[in-house]
Amino acid sequence: MKPGGRFVSAELILKDSKLGMMDSWSRDLICKLGSIPKNNRVTSDSLSRLLKSSGFVSDGFDFLEEDVFEGFSNFLKKKTKESHIPKRIARKYSRFAEFLGGERMKRYFQFVLYAAVKPG
Numbered sequence: 001m002k003p004g005g006r007f008v009s010a011e012l013i014l015k016d017s018k019l020g021m022m023d024s025w026s027r028d029l030i031c032k033l034g035s036i037p038k039n040n041r042v043t044s045d046s047l048s049r050l051l052k053s054s055g056f057v058s059d060g061f062d063f064l065e066e067d068v069f070e071g072f073s074n075f076l077k078k079k080t081k082e083s084h085i086p087k088r089i090a091r092k093y094s095r096f097a098e099f100l101g102g103e104r105m106k107r108y109f110q111f112v113l114y115a116a117v118k119p120g
């Protein structure tokens with residue numbers, strides 16, 4: 001990227017909070033089942049450090065999980081009730097929708113929109 005260049009991204013990141021052993025294990029399992037590679041499991045702090053070490057300056061983070069998780073959960077709940085969706089798939093996504101809209105999701109993850117600039 002050229003100096004002065006900017007990029008914007010939206011990401012699911014780990015919430016930077018102290019978790020007990022069971023919650024930590026549960027979040028790791030959810031990441032594994034969700035095919036989130038270990039290298040992509042970052043917090044806002046580690047994402048800031050990663051951007052800085054890559055030569056970028058963070059332009060701030062906007063946390064959108066209150067808007068994103070519940071809305072997507074409701075969308076999945078609605079879609080899984082449609083008759084053309086195979087029952088096995090509908091059950092899987094229905095359970096995921098329950099998780100997305102639940103308290104555990106809010107304890108484990110954040111949805112962040114951020115921008116970074118390549119200094120010039």
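Letter by letter, the sequence shown follows residues 1 to 120 of UniProt numbering. Beta carbons are placed, not taken as given, at the ideal position from N, Cα and C, and that holds for glycine.
Original post:
Where do the ends of the alpha helix (DSSP H) carrying residue 28 lie?
Top reply: Start at 1 with the first residue of the sequence shown, and residue 28 comes out as number 28. From DSSP, the alpha helix (DSSP H) with residue 28 extends over 21-33.
Original post:
Are the segment 69-83 and the segment 92-100 touching by the rule of at least three beta carbon pairs closer than 8 Å?
Top reply: yes
**OP:** Assign residue 62 to one of three DSSP states: helix, strand, or coil.
**Re:** Along the sequence shown, one-based indexing puts residue 62 at 62. Here residue 62 sits in strand by DSSP.
Subject >> Best match in 105, 115, 112 and 119 for proximity to residue 29 [C-alpha to C-alpha] >> reply: Sequence index remark: in the sequence shown, residue 29 carries index 29 (1-based). It is 105 whose Cα lies nearest to the Cα of residue 29.
Original post:
Grouping DSSP H, G and I as helix and E and B as strand, with all else coil, what is residue 11?
Top reply: Within the sequence shown, numbered from 1, the residue matching residue 11 stands at position 11. Three-state result, residue 11: strand.
Original post:
Considering residue 111, what are the terminal residues of the beta strand (DSSP E) in which it resides?
Top reply: One-based indexing of the sequence shown puts residue 111 at position 111. From DSSP, the beta strand (DSSP E) with residue 111 extends over 109-117.
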